[in-house]
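The numbering used here puts the sequence shown at residues 1 to 75. Here a beta-carbon is modelled for each residue, glycine too, at the ideal position from N, C-alpha and C. Okay, so here's the structure we're looking at.
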Amino acid sequence: MGNQNNGKKFNDDFKKMVVDLYHSGHLVKDLSSEYSVSEVTIYNWIKKYSPISLEDGSRVTPDDLAQLKKQIRRL
């Protein structure tokens, strides 16, 4: 499959596309069978790539938030 790296790992663009499809109304079960990815994996991607709304109205993903916190600790 062209969406995989090294035959096992999916790239971030593919993961985000699957999460976007989930948010547009597709069922995890359907996405799992269509893209040959386990439902557990898709739920993990949803958790990682779904945006969080902040008080100021902006949105950030949990992954982006973790990277920002890591950068703050380094500073």
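Legend entry - For Ser32, the three-state DSSP class (helix, strand or coil): Working through the sequence shown from its first residue, we reach residue 32 at position 32. Here Ser32 sits in helix by DSSP.
Inset, instruction - State whether the stretch 31-42 contacts the stretch 66-75, with contact taken as three or more CB pairs (one from each stretch) at a distance under 8 Å. - result: Two segments are said to touch when three or more pairs of C-beta atoms, one from each, lie closer than 8 Å; by this definition the stretch 31-42 does not touch the stretch 66-75.
Legend entry - Three-way DSSP call (helix, strand, coil) for Val37 in this model: For the purposes of this step, residue 37 is identified with residue 37 of the sequence shown, where counting begins at 1. Val37 falls in the coil class under three-state DSSP.
Inset, instruction - Would you tell me roughly how many angstroms separate the C-alpha atoms of Asn44 and Asp63, rounded to the nearest one? - result: Walking along the sequence shown from the start, residue 44 turns up at place 44. Walking along the sequence shown from the start, residue 63 turns up at place 63. Straight-line Cα distance between these residues: approximately 12 Å.
Legend entry - Euclidean distance between Cα positions of Ser32 and His26: The residue you call residue 32 lines up with position 32 of the sequence shown. The residue you call residue 26 lines up with position 26 of the sequence shown. If I take the Cα positions, the gap works out to 10 Å.
Inset, instruction - Under the assumption that Ile52 contacts Leu65 (Cβ atoms under 8 Å), give the Cβ distance between them as a whole number of angstroms. - result: Translated into positions along the sequence shown, residue 52 becomes position 52. Translated into positions along the sequence shown, residue 65 becomes position 65. Yes, Ile52 and Leu65 are in contact; Cβ-Cβ is about 7 Å, under 8 Å.
Inset, instruction - Would you please state the rounded distance, in angstroms, between the beta carbons of Val19 and Ser58? I believe it to be under 8 Å. - result: Residue numbering aside, residue 19 sits at position 19 when the sequence shown is read from its first letter. Residue numbering aside, residue 58 sits at position 58 when the sequence shown is read from its first letter. The C-beta distance from Val19 to Ser58 rounds to 19 Å, too long to meet the 8 Å contact threshold.
Inset, instruction - Could you tell me if Lys9 is buried or exposed, where buried requires 16 or more neighbouring beta carbons within 10 angstroms of its beta carbon? - result: As a first step, residue 9 is located in the sequence shown; it is residue number 9 there, counting from the start. The residue in question, Lys9, is exposed, as its Cβ has fewer than 16 Cβ neighbours within 10 Å.
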